[in-house]
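**Q**
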Amino acid sequence: MENIRVIKGDITKQAVDAIVNAANSELKGGGGVDGAIHRAGGPTIMEACRKIGECPTGNAVITAGGNLPAKFVIHTVGPIWGNENGEEKKLLASAYHQSLLLALKNNLKSIAFPNISTGVYGFPKDLAANIAIQTTRDFIKFHTTLHVTFVCFDDENYLLYKNQLD
Ligand code: AR6
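Heads up, the sequence shown is in the numbering used here, so the first residue is 239 and it goes up one at a time.
1. Counting pairs of beta carbons, one from the region 356-374 and one from the region 269-276, are three or more of them closer than 8 Å?
2. Do you know how far the Cα of Asn-395 is from the Cα of His-385?
3. Which runs of the alpha helix (DSSP H) spanning at least 4 residues fall entirely within the region 260-316, listed in chain order?
4. Let me know if Ile-290 comes out buried or exposed under the rule of 16 or more other beta-carbons within 10 Å of its beta-carbon.
5. Could you check whether the Cβ of Ala-274 sits closer than 6 Å to any heavy atom belonging to the ligand SAM?
6. Please indicate yes or no: does the CB of Asp-248 lie closer than 6 Å to some heavy atom of the ligand AR6?
7. Leaving out five residues on either side along the sequence, give the residues of the same chain with a beta carbon under 7 Å from the beta carbon of Leu-330.
8. Who are the Cβ neighbours of Gln-402 in its own chain at under 8 Å, not counting the five residues just before and after it?
9. Run the proximity test for Val-386: is its beta-carbon closer than 6 Å to any non-hydrogen atom belonging to the ligand AR6?
Right, here's the structure in full:
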């Protein structure tokens, strides 16, 4: 059995080792899932982000989970569609890959992803789902102890993932 599943819901409610945040490169918070995570997790997450400073697009950093049910938050920065000199796909794959690597480095067993870049950053949802699933499958083939959940907030994303994972 493949350790990948998809659910529809709110990522801030997931009791996993780490949830992933779709952050911006200044780690300064914002709307969407980023806003929801900082609201639910409390101010210690932002304090930790401030200490880290910044995170380049396609990379990821880790903080504790504050008041969240998740132990950690992995903050990754997805590409802005149309703003990355044609590197959008590569950068989105990198955001997933670097997040999975951080989970592994910290001995985490479960990680939940939102649909990175598919909100404010405008990445086409079908293409983003392909990249997220392919990158994750390639990774957990070699790291079989890691359980991955894709947490979709909207029906369109949920159906895209469900069709690809069934
Ligand atoms: N749980 C799961 N998914 C959610 C939640 C939630 N509580 N809330 C929204 N989503 P976005 P981006 C979904 O815009 O496109 C921020 O301002 C949402 O439906 O949050 O990577 C940051 O600070 C969408 O499918 O992230 C950055 O500046 C997905 O999360 C910028 O937005 C991602 O949408 C990042 O843009």
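Every residue, glycine too, gets a C-beta built ideally from N, C-alpha and C.
**A** To lay it out plainly:
1. A contact between stretches requires three or more CB pairs, one per stretch, nearer than 8 Å, and the region 356-374 meets this requirement with the region 269-276.
2. Residue mapping note: residue 385 aligns to position 147 of the sequence shown, counting from 1. Residue mapping note: residue 395 aligns to position 157 of the sequence shown, counting from 1. Between His-385 and Asn-395, the C-alpha separation is close to 20 Å.
3. Within the region 260-316, the complete alpha helix (DSSP H) runs of at least 4 residues are 270-279 and 281-290.
4. By one-based count along the sequence shown, residue 290 stands at place 52. Exposed, since its Cβ has fewer than 16 Cβ neighbours within 10 Å.
5. As for the ligand SAM, it is missing from this structure, which binds only the ligand AR6.
6. Numbered from its first residue, the sequence shown carries residue 248 at position 10. Indeed, a heavy atom of the ligand AR6 lies less than 6 Å from the Cβ.
7. Against the sequence shown, residue 330 aligns to sequence position 92. Only Gly-316, Pro-317, Ile-354, Ser-355, Phe-361, Ala-366 and Ile-369 meet the Cβ criterion.
8. Indexing the sequence shown from 1 puts residue 402 at position 164. The beta carbon of Gln-402 sits closer than 8 Å to those of Ala-367, Asn-368 and Ile-371, all from its chain and outside the five residues before and after it, given in chain order.
9. For this step, residue 386 is matched to residue 148 along the sequence shown. Not under cutoff, so the answer is no.
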